[in-house]
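*Asks:* After the structure tokens below, expect a handful of questions from me.
Residue numbers (the working numbering): 142 to 387.
What follows is the structure, given as structure tokens:
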């Protein structure tokens, strides 16, 4: 699903070493049957919603709501309704240029979402096939287990200020994560625009960074690493499972 690597970092000023989990993948997660399959919309929307609610616990990833917020700031000075967004663009570029351009407005952007991206289209668990219901339950169980890990000892948590201490200059990177659940086919322009800084300066690609002040801390780190790997394995199982194939 994604390529990850671990890196051992030396602390400045004789601080403790740290282990980081870094994401080497970039762009849209391969959504498989959710995006390209023939399963009912409600099934696809249910899994897409679940992934959007959970994957951020382990991966540097953003979804549609994050994209919309970034686009709102980039195009419309933070406005979220059509009239205010149009006026903000007129103020920036002039009425003539806006009239002759194919401008993106909040409503037209929202309208490009495939039906399976809309959370309200998700089905109740009782309406799902048994195997799909089981895979979703396993995902949520693994997500909950990972959430119980102590953040200070977790392979999948980081504090930005701590990262800056171990990786000088990283504050120049984009705050945007490198991964997204937003389909590129429908939102290529928006993804390109908000991702430009990251493509030039790098993305915030850390999954976690854990300082190791003593040797015993490494055992906790490995335990959380396994918990996160189990969670990601559950997510991958959902993406690989096409309920229309027997």
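Note that the Cβ used here is the ideal one computed from N, Cα and C, for glycine as well.
1. Between 267, 215 and 179, which lies nearest to residue 246 when the distance is taken from Cα to Cα?
2. Report the option in 341, 226 and 338 whose CA atom is closest to the CA atom of residue 244.
3. Check the DSSP bridge columns for residue 163 and list the partner residues they point to.
4. Can you give me the C-alpha to C-alpha distance between residue 259 and residue 381, rounded to a whole angstrom?
5. Among 337, 156 and 320, which has the Cα closest to the Cα of residue 145?
6. Which word fits residue 295, buried or exposed, when buried means at least 16 other C-beta atoms lie within 10 angstroms of its C-beta?
7. So for residue 202, helix, strand or coil by DSSP?
8. In angstroms with no decimal places, state the Cα-to-Cα distance between residue 250 and residue 186.
9. Throw me the rounded Cβ distance for the residue 159 and residue 351 pair, which I believe falls under 8 Å.
10. Classify residue 354 as buried or exposed, calling it buried when 16 or more other Cβ atoms lie within 10 Å of its own Cβ.
11. For residue 217, which residues from the same chain have a beta carbon less than 6 Å from its beta carbon, with the 5 sequence-adjacent residues on both sides left out?
12. Can you find at least 3 beta carbon pairs, one from the region 275-287 and one from the region 324-339, that sit closer than 8 Å?
13. So is the beta-carbon of residue 231 under 8 Å away from any non-hydrogen atom of the ligand NAP?
14. Taking residue 363 as the reference, which of 165, 287 and 318 has the closest Cα?
15. Return the chain-ordered ranges of every beta strand (DSSP E) run that is complete within the region 289-366 and spans a minimum of 3 residues.
16. Classify residue 173 as helix, strand or coil using the three-state DSSP reduction.
17. For residue 384, is the classification buried or exposed, using 16 other Cβ atoms within 10 angstroms of its Cβ as the cut-off for buried?
18. Please identify the residue among 156, 322, 193 and 162 whose C-alpha is closest to the C-alpha of residue 149.
19. For residue 205 and residue 357, what's the separation of their Cα atoms in angstroms?
20. Return the chain-ordered ranges of every alpha helix (DSSP H) run that is complete within the region 254-291 and spans a minimum of 4 residues.
21. When the Cβ atoms of the region 168-183 are set against those of the region 296-307, are three or more pairs found closer than 8 Å?
*Replies:* In terms of the structure at hand:
1. For the purposes of this step, residue 246 is taken as residue 105 along the chain shown, with counting starting at 1. Closest by alpha carbon: 215.
2. Translated into the one-based positions of the chain shown, residue 244 becomes position 103. Selection 341, 226 and 338 evaluated against residue 244 yields 226 as nearest (Cα-Cα).
3. The residue given as residue 163 occupies position 22 in the chain shown. Answer is 146 and 347.
4. As a position in the chain shown, residue 259 is number 118, starting the count at 1. As a position in the chain shown, residue 381 is number 240, starting the count at 1. Each residue's alpha carbon lies about 21 Å from the other.
5. Your numbering for residue 145 matches position 4 in the chain shown. Answer by Cα proximity: 320.
6. Position 154 of the chain shown, counted from the start, is the residue given in the question as residue 295. The residue is buried, with at least 16 neighbouring Cβ atoms inside 10 Å.
7. For this step, residue 202 is matched to residue 61 along the chain shown. Of the three classes helix, strand and coil, the one that applies to residue 202 here is strand, per DSSP.
8. For the purposes of this step, residue 250 is taken as the residue at position 109 of the chain shown. For the purposes of this step, residue 186 is taken as the residue at position 45 of the chain shown. Each residue's alpha carbon lies about 18 Å from the other.
9. Residue numbering aside, residue 159 sits at position 18 when the chain shown is read from its first letter. Residue numbering aside, residue 351 sits at position 210 when the chain shown is read from its first letter. Contact check for residue 159 and residue 351: beta-carbon distance about 6 Å, within the 8 Å limit, so the pair qualifies.
10. One-based indexing of the chain shown puts residue 354 at position 213. Classification of residue 354: exposed, given that the 10 Å Cβ count is below 16.
11. Residue mapping note: residue 217 aligns to position 76 of the chain shown, counting from 1. Hits under 6 Å: 226 and 229.
12. The region 324-339 and the region 275-287 do not touch, with fewer than three beta-carbon pairs separated by less than 8 Å.
13. This structure simply doesn't include the ligand NAP, nor any ligand for that matter.
14. In the chain shown, counting from the first residue as 1, residue 363 sits at position 222. Considering only alpha carbons, the answer is 287.
15. Complete beta strand (DSSP E) runs here, min 3: 347-352.
16. By 1-based counting over the chain shown, the position of residue 173 is 32. Looking at residue 173 - three-state DSSP - the assignment turns out to be coil, as it is neither helix nor strand.
17. Along the chain shown, one-based indexing puts residue 384 at 243. With 16 or more other Cβ atoms from the protein chains shown falling within 10 Å of its own Cβ, residue 384 counts as buried.
18. Here residue 149 is taken as the residue at index 8 of the chain shown, counted from 1. Per the Cα distances, 162.
19. The residue labelled residue 205 in the question sits at position 64 within the chain shown. The residue labelled residue 357 in the question sits at position 216 within the chain shown. Between residue 205 and residue 357, the C-alpha separation is close to 40 Å.
20. Whole alpha helix (DSSP H) segments, 4+ residues: 271-288.
21. No contact exists between the region 168-183 and the region 296-307.
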